[in-house]
């Protein structure tokens, strides 16, 4: 089933578990807006909740206008094989509850201030724009992997990070949180430490990794070596693999392939 929206929708949308293979598409994200105002509860506040497999969202803005008073989820994805293309996902805290399943986000804009991509899915974010509205000390990600056996984690490839104030790339919601940023432009909004261990030094080895960051706004040296991967290392993180392949000498850019493994 394909649903095509063309206007402002002031409502909450739930795609139930028994309704797989649904696509919701807008003409363009700036014209197709799904909005609601509810907060404080992680599981009850989402504007859009996806529980059915094989869902596709295209060219949508999904926003929770609750404000800065606490949890306010815009999008919850708790299903397998979901994909989002050219979407804008906007709130303040816990904007995207990337809860469970295997997901793909392409060319999406995600905005928030505190833990605004959180959950325990196995997800690839390709060419996505993360925008921070944190004044100080917020975190972009809060990944919730709790055991070494879980095939989950977040990988960000070929995107950019902008914003105001300052924030960390992430902090570990779970004991074995896994996050990778690869070939990502990072503005000065990113704290020099890179990652926050949420007050628990034992989680430093599992907090996150950064692969060949690109920072042009200002030269900065990141001292938190415990959270960095070597540029030459191929990360295999919680069922998410990236493989780097050098092109021939006539090409300037590198090709990065990414896939979600089962």
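In the UniProt record's numbering, the protein residues as written are 1 to 262.
Note that the Cβ used here is the ideal one computed from N, Cα and C, for glycine as well.
Outcome for residue 98 when other beta-carbon atoms lying within 10 angstroms are tallied against a minimum of 16:
Translated into positions along the chain shown, residue 98 becomes position 98. It counts as buried.
Cβ pair residue 131, residue 108 closer than 9 Å
Locating residue 131 in the chain shown gives position 131, counting from the first residue. Locating residue 108 in the chain shown gives position 108, counting from the first residue. Taking 9 Å as the Cβ cut-off, residue 131 and residue 108 do not qualify as a contacting pair.
Continuous beta strand (DSSP E) stretch holding residue 293: start and end
Only positions 1 to 262 of the chain appear in the structure, and residue 293 is not among them; the question remains open.
CA nearest to the CA of residue 115, picked from 23, 134, 77, 29
By 1-based counting over the chain shown, the position of residue 115 is 115. Ranking 23, 134, 77, 29 by Cα distance to residue 115 puts 134 first.
Pull up the distance between the alpha-carbon of residue 21 and that of residue 181, whole angstroms please.
Against the chain shown, residue 21 aligns to sequence position 21. Against the chain shown, residue 181 aligns to sequence position 181. The alpha-carbon atoms of residue 21 and residue 181 are separated by roughly 30 Å.
Whole-angstrom distance between residue 147 and residue 58, CA atom to CA atom
As a first step, residue 58 is located in the chain shown; it is residue number 58 there, counting from the start. As a first step, residue 147 is located in the chain shown; it is residue number 147 there, counting from the start. So the two alpha carbons sit approximately 33 Å from each other.
Just to confirm my understanding: we take residue 139, look at its own chain, exclude 5 residues before and 5 after, and list those with CB closer than 7 Å. What are they?
As a first step, residue 139 is located in the chain shown; it is residue number 139 there, counting from the start. Cβ neighbours of residue 139 beyond the five flanking positions: 114, 115, 167, 168, 170, 171, 196.
Same chain, Cβ closer than 6 Å to residue 78, five either side skipped, listed in chain order:
As a first step, residue 78 must be located in the chain shown, where it is residue number 78. 51, 99, 100.
Quick one: Cα of residue 92 to Cα of residue 18, how far?
Residue 92 sits at position 92 when you count from the first residue of the chain shown. Residue 18 sits at position 18 when you count from the first residue of the chain shown. Distance between the alpha carbons of residue 92 and residue 18: 31 Å.
Pull up the DSSP beta-bridge partners for residue 98, would you.
Against the chain shown, residue 98 aligns to sequence position 98. Answer by DSSP bridge pairing, in chain order: 77.
Residue of 43, 176, 165 minimising C-alpha distance to residue 189
Numbered from its first residue, the chain shown carries residue 189 at position 189. When each option's Cα is compared against that of residue 189, the closest is 165.
What do you reckon, are the CB atoms on residue 72 and residue 104 nearer than 9 Å?
Numbered from 1 along the chain shown, position 72 holds the residue referred to as residue 72. Numbered from 1 along the chain shown, position 104 holds the residue referred to as residue 104. Contact: no.
Bridge partners for residue 8 per DSSP, in chain order?
If you number the chain shown from 1, residue 8 lands on position 8. Residue 8 is bridged to 33.
Going by C-alpha distance, which of 96, 30, 157, 23 is nearest residue 6?
Your numbering for residue 6 matches position 6 in the chain shown. Per the Cα distances, 30.
Test item: CB-CB of residue 15 and residue 49 under 9 Å:
Here residue 15 is taken as the residue at index 15 of the chain shown, counted from 1. Here residue 49 is taken as the residue at index 49 of the chain shown, counted from 1. Yes, Cβ-Cβ distance for residue 15 and residue 49 is below 9 Å.
Relative to the C-alpha of residue 32, which candidate in 10, 162, 144 has its C-alpha closest?
Walking along the chain shown from the start, residue 32 turns up at place 32. Checked all of 10, 162, 144; the closest Cα to residue 32 is 10.
Three-state secondary structure (DSSP) at residue 60?
Against the chain shown, residue 60 aligns to sequence position 60. If DSSP states are grouped into helix, strand and coil, residue 60 belongs with coil.
Mind reading off the beta-carbon distance from residue 153 to residue 145? Whole number of angstroms is fine, and I expect it under 8 Å.
Start at 1 with the first residue of the chain shown, and residue 153 comes out as number 153. Start at 1 with the first residue of the chain shown, and residue 145 comes out as number 145. Residue 153 to residue 145, Cβ: 6 Å. Contact.
Identify which residue in 106, 187, 175, 126 has its Cα closest to the Cα of residue 158.
What you label residue 158 is simply residue 158 of the chain shown in a count that begins at 1. Comparing Cα positions, the closest option is 126.
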